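A short write-up of the structure that comes next.
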Amino acid sequence: MLPATITKIHQAFKEIKHMAIDTWQEECRFAARRAIKEVLETRMHHSIDLHLEQMRAAGLPDRRNGSFSSHLLTEVGDLELRIPRTRTFSPYLLLKRFARRSAPIERTILMAFLLGLSTRKVGPALLSILGEPVSPSTVSQIAKQLDQSVQAYHQRALSDPYEVLVLDGIVMRRKTGAGAQRRTMLVALGIKPDGKKEIIDFRQAPGESQSAWEGFLNHLYQRGLRGENLKLIVVDGGKGLLAALSLVYGDVPVQRCWVHKSRNVLNYVKQPDQERVKRSLHRISHARNLREAQRAAQRFVARWKASYPKAVDCLQKDLPELLSFLQIKTNLAPSVIRTTNAIERRFVEVRRRTRPMGTFSDRTSMERILFSVFTHENLKQRTATPFPLLTQNN
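Structure below.
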């Protein structure tokens, strides 16, 4: 059984193994290189300071003598390091230690990024690897490098190639002054004409109110997602989201998710009849065209109205929006655009990877892990976005 929250380094190593770090995209590899460079150069300067103090205490002459460049090949790429030196000393021993144990260091640093571990947990892990202490401030600086990528992701200009937009929220738990509280992450996924899917952005909110969704959607619109190519917006049917859509993307047809609607309809049906009702719903949702779907809906009403009037009313009140996907011209498969499954699958991955963490310590740790999971999913679709941070020299 997984622990409620990660508190030990060995737990973090176990979880990071499941996250397939070695296959993640260049954003994480770049962040790891920056982090390793930060740790090594900081520790080498510390070694120089310590050496000079010892020389002065012994009454021996020595002084700084600049630095030189050296390359170190690691699992996450080549590092160019500035190595300080004195007239008689250079901290090469530190690099030798790292060369022997580079993979654990890289994974430990990524734990700080992706699992939101506290600096007091990461420091001891690096101590066991490097043989000397690493200050919490150094680890904090490392973590901030991924935060820069997260910020760039949230602020980047957006292109507008999507035919379908899928919107939904996922609930997570975060520590606050009033104890652990639920926080909703609003998420937007775009589907391109070729079927490729991309998590466009996400935003933390108190809930799925109209104002929360309106703020998120307006931000997407202002950054370039004007919806000029949008043919459909798929939602689960939350009132706040529907109200916000009418204000921001009011001209785009809305598709209600068939999975959510079927579940709601079946809530009004007795267990012995649920399979038959489900088959009747399937004939509507999987119809080949609009006319066939409308006829199947008429048969559904005639068959079940007397036995389950609330179930029939639940279907009928949203039927036009349940059939929107049959009224647009697109090469996308109906199975892709009649439900929110595309985004729900990504939520499954988020839950799988965050379950061992239990309650997140703060907003930043939530942002880091969601950014990492979502960009990993985008990489698999070849839709990962490069960030300005990645163009800087490391």
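Start counting the sequence shown at 65; every next residue gets the next number (our numbering).
For glycine and all other residues, C-beta sits at the position ideal for the given N, C-alpha and C.
In this text the structure is predicted, and so the values were computed from the model without any measurement.
> If you scan the region 268–304 from start to end, which runs of the alpha helix (DSSP H) of 4 or more residues do you find wholly inside it?
Replying inline: The qualifying runs are 274–286.
> If we count the other Cβ atoms within 10 Å of its Cβ and call it buried at 16 or more, is residue 364 buried or exposed?
Replying inline: buried
> With respect to the beta strand (DSSP E) encompassing residue 323, which residues constitute its N-terminal and C-terminal limits?
Replying inline: No beta strand (DSSP E) holds residue 323; the alpha helix (DSSP H) holding it covers 322–330.
>> What does the alpha-carbon distance come out to for the pair residue 288 and residue 136?
In response: 41 Å
> Exposed or buried, residue 403, counting other C-beta atoms within 10 Å across all chains shown (16 or more means buried)?
Replying inline: Counting every other CB atom within 10 Å of its CB across the protein chains shown gives residue 403 a total of 16 or more, marking it as buried.
> Just how far apart, CA to CA, sit residue 154 and residue 132?
Replying inline: 10 Å
>> Quick check on residue 313: does DSSP put it in helix, strand or coil?
In response: coil
> Taking the alpha-carbon positions, what's the residue 382 to residue 291 distance?
Replying inline: 24 Å
>> Output needed for residue 146: all residues of its chain with C-beta closer than 7 Å, excluding positions within five of it in sequence on either side, in chain order.
In response: 105, 131 and 133
> First and last residue of the alpha helix (DSSP H) that includes residue 447?
Replying inline: Where residue 447 is concerned, there is no enclosing alpha helix (DSSP H), given that its DSSP letter is neither H nor E.
>> Going by beta-carbon coordinates alone, are residue 250 and residue 264 separated by less than 9 Å?
In response: no
> How big is the Cα-Cα spacing for residue 412 and residue 441?
Replying inline: 12 Å
> Is residue 135 helix, strand or coil when you go by DSSP?
Replying inline: strand
>> Taking the beta carbon of residue 231 as the centre, do at least 16 other beta carbons fall within 10 Å, making it buried, or is it exposed?
In response: buried
>> Can you confirm whether residue 211, when its beta carbon is compared against all beta carbons of chain B, has any partner nearer than 9 Å?
In response: Of the protein chains in this structure there is only one, and it is not chain B.
> Would you say the region 308–321 touches the region 337–344, given that touching needs at least three Cβ pairs under 8 Å?
Replying inline: no
> Can you list, in chain order, the residues of its chain whose CB lies under 7 Å from that of residue 271, leaving out five sequence neighbours each side?
Replying inline: 248
> Under 9 Å, do residue 260 and residue 409 count as touching if we go by C-beta distance?
Replying inline: no
>> For residue 377, report the span of its alpha helix (DSSP H) as first-last.
In response: 373–380
> Helix or strand or just coil, what does DSSP make of residue 390?
Replying inline: helix
> Does the beta-carbon of residue 418 have 16 or more other beta-carbons within 10 angstroms, so that it is buried, or is it exposed?
Replying inline: buried
> Is the region 318–331 touching the region 369–388, taking contact as three or more C-beta pairs under 8 Å?
Replying inline: In short, these stretches touch, since the Cβ pair count reaches three.
> How should residue 464 be labelled, buried or exposed, when 16 other C-beta atoms within 10 angstroms of its C-beta is the threshold for buried?
Replying inline: With the chain represented from 65 up to 458, any question about residue 464 goes unanswered, as that position is not in the structure.
>> So for residue 439, helix, strand or coil by DSSP?
In response: In the three-state DSSP reduction, residue 439 falls in the helix class (H, G or I).
> Who are residue 145's beta bridge partners in DSSP?
Replying inline: 134
>> I need the boundaries of the alpha helix (DSSP H) containing residue 346, first residue and last residue.
In response: 338–349
>> Helix, strand or coil, according to DSSP, for residue 244 in the structure here?
In response: strand
> Between the Cα of residue 428 and the Cα atoms of 368, 362, 267 and 380, which residue gives the shortest distance?
Replying inline: 267
> Near residue 151, what residues of its chain come up, given a Cβ to Cβ distance below 7 Å and the 5 sequence neighbours on each side ignored?
Replying inline: 126, 127 and 129
> Nearest CA to the CA of residue 324: which residue from 144, 143 and 385?
Replying inline: 385
> How long is the line joining the alpha carbons of residue 148 and residue 116, rounded to whole angstroms?
Replying inline: 12 Å
>> So, for residue 262: in the same chain, excluding its five sequence neighbours on each side, which residues have a beta-carbon less than 6 Å away from its beta-carbon?
In response: 254, 442 and 447
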